[in-house]
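Have a look at the structure below, then the notes.
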Amino acid sequence: MIKCLCGDWVHPRDYHRSWCLCRPCAQLAKFRLDDIEPLWPQLMTACKLTVRHYGTLYTPRIVGIYSRDGLDVLTIAVVPGQTRADFAKHITRMAETFGVRRVAIRAGLKPGLVVLHLHQGDPLSAVVRPLPVPMVADLAALPIGRRETGQTWHLRLSGGHVLVVGATDAGKGSFVHSFIRSLAGGIASGTVRVWGIDPKGGMEMAPAAPLLERFLCDGAKEMADTLDEAVDVMDKRTVALRGRTRKHEATPDDPTRILLIDELATLTAYGDKNTRERIKNSLALLLTKGRAAGMHLASLVQDGRKEVVPLRNLFTIRVGLRLAEAAEVDMVLGDNARDRGALCDLIPVTTPGVGYVLDGNADPERIRISYPNDADIAALVAEYAPAYAGKEH
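Residue numbers for the sequence shown follow this note's numbering, so the first one is 34 and each next one is one higher.
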């Protein structure tokens, strides 16, 4: 929820509604509309969003505005035949015209409406401190960071598997430790077991190794063996669950198993060909069959190209952190993701952990992953490490 100027709490999905008629809100909305309306016709012409039909010029109209400190939400009635994608191509022009930091495009509540979010400031400019550890690890809502609205960003891992792509120092390490932190309650109770694979020598995951049932950091063959073993566990579960249920329920005797893989490209694109093929085969089986059997993958990589991550389309949730080129955005998050507002290539180096999330068919959402420092990780290990501690294979 977001606090209105008048003190009321507003749900983010109600941004586009002009339901708050209190005097401060109405005055701010009118003030902002007085700034925006004079520029609107010229902007629509420059963006070629006006349509001339039998001598009559039709222009998209502003039919609603909601404003709060740092954000204006415009509801636009489009010209028949126009879509959200037509507006998404011009978000940079719109931001320059209105003098705002960023413009995001959202679908309206009914056909014929498009919603523009005009962000004046950046609510994600500050580092996000580690979030509280849930007593019960809810895979449908793992707290990982903050949304641009100020709400907690919850990762919906129960829906499948997650792939995180980002350049060097983009914040992938923050995801690793925020992810483990969100699972710590389940790890301590035994309902969640994490197998950590860190092909870069273990430097990233080593501080959290006592929270991992298995921790592998040397030897691609051993890592391939572990993935093969994970497939065996999955196959046995599917046989045991057949005819009883369509979804695995975690217990300490039969926990949810999560494979956390840092720098996936080291396993899928480099090294011995036979080992790579074994790993790709195991990953494909886990990604296609693992969800219902309580086997989930969370993988991180610097390069999201198809030849490096050939199975990327099997990851149901994808997170794009800072990327080097605009063309990479659509590679990572899917076709037209950048046109829909996922500007991963424009994320500053000074804001590691900022990225865009694509979950299913929803619009890309801008988030910032929390940053646990070394002391936070050590305190987490001291409180939640289970008896088996981290085994290195």
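Built from N, CA and C at the ideal position, the CB exists for glycine as well.
Can you give me the start and stop residues for the beta strand (DSSP E) that residue i sits inside?
i      : result
Gly178 : Leu175 to Arg180
Val390 : Val387 to Asp392
Thr108 : Leu104 to Ala110
Glu398 : Glu398 to Ile402
Thr259 : Run containing Thr259: none in the beta strand (DSSP E); it sits in the alpha helix (DSSP H), Ala253 to Leu274.
Thr130 : Run containing Thr130: none in the beta strand (DSSP E); it sits in the alpha helix (DSSP H), Ile124 to Phe131.
His150 : Leu146 to His152
In this structure, how does DSSP classify residue i when only helix, strand and coil are distinguished?
i      : result
Ser332 : strand
Arg324 : coil
Val29  : There is simply no residue 29 to check, as the chain begins at 34 and stops at 426 in what is shown.
His426 : Only weak support exists for where His426 lies, its pLDDT of 43 falling under 50; the coordinates are left without a value.
Ile380 : coil
Glu340 : coil
Asp286 : coil
Arg247 : strand
Arg85  : strand
Thr308 : helix
Arg65  : helix
Ala79  : helix
Ala317 : helix
Can you list, in chain order, the residues of its chain whose CB lies under 6 Å from that of residue i, leaving out five sequence neighbours each side?
i      : result
Phe208 : Val197 and Ile402
Ala174 : His187
Val160 : Tyr404
Lys233 : Glu296
Ile69  : none
What residue from the options has the CA that sits closest to residue i's CA?
i      : options                          : result
Pro167 : Gly219, His123 and Val136        : Gly219
Met328 : Ala128, Trp186 and Gly193        : Gly193
Val352 : Gly235, Ala200, Ser100 and Cys80 : Ala200
Thr116 : Val96, Ile69, Leu333 and Arg139  : Arg139
Ala263 : Met127, Leu164 and Leu293        : Leu293
Asp155 : Asp102, Leu66, Pro243 and Glu282 : Asp102
Lys81  : Glu70, Phe120, Ile95 and Ala239  : Phe120
Leu316 : Leu66, Val195 and Asp286         : Val195
Gly183 : Leu164, Gly252 and Leu172        : Leu164
If I follow the unbroken alpha helix (DSSP H) through residue i, where does it start and stop?
i      : result
Ser207 : Lys205 to Ser222
Ile294 : No alpha helix (DSSP H) holds Ile294; the beta strand (DSSP E) holding it covers Thr289 to Ile294.
Val417 : Val is not the amino acid found at residue 417; the sequence shown has Tyr there. Segment Asp407 to Tyr417, the alpha helix (DSSP H) holding Tyr417.
Thr301 : Ala298 to Thr301
Ala242 : Looking at the DSSP string, Ala242 is not in any alpha helix (DSSP H), and its letter there is neither H nor E.
Arg117 : Arg117 to Ala121
State yes or no: is the C-beta of residue i within less than 7 Å of the C-beta of residue j?
i      : j      : result
Val147 : Val169 : no
Leu245 : Gly223 : no
Gly178 : Ile410 : no
Ala257 : Thr308 : yes
Val137 : Gly304 : Residue identity differs from the one stated: residue 137 is Ala in this sequence, not Val. The answer is no: Cβ separation not under 7 Å.
Phe248 : Ala331 : no
Pro385 : Ala203 : yes
Val225 : Pro288 : yes
Glu358 : Asp378 : yes
Ile312 : Leu300 : yes
Leu347 : Leu318 : no
Asp396 : Ile350 : no
Val387 : Leu216 : no
Looking only at its chain, what residues have a beta carbon closer than 7 Å to the beta carbon of residue i, apart from the 5 residues adjacent to it on each side?
i      : result
Thr83  : Met77, Leu90, Tyr91 and Thr92
His11  : What the structure shows of the chain is the stretch from 34 to 426, and residue 11 is not part of that stretch, so it cannot be assessed.
Glu237 : Gly206, Val209, Asp231 and Asp295
Gly22  : Given a span of 34 to 426 for the chain in the structure shown, any question on residue 22 remains unanswerable.
Val133 : Leu151, His152 and Gln153
Lys254 : Thr308
Gly145 : Ala110 and Val111
Asp407 : Pro240
If I measure Cβ to Cβ from residue i and keep anything under 8 Å in the same chain, skipping five residues before and after, which residues do I get?
i      : result
Thr271 : Lys322, Ala325 and Ala326
Val104 : Reading the sequence as shown, one finds Leu at residue 104 and not Val. Cβ within range, chain order: Tyr48, His150, Leu151, His152 and Gln153.
Lys276 : Strictly speaking, residue 276 in this sequence is Gly, with Lys absent from that position. Here the set comprises nothing.
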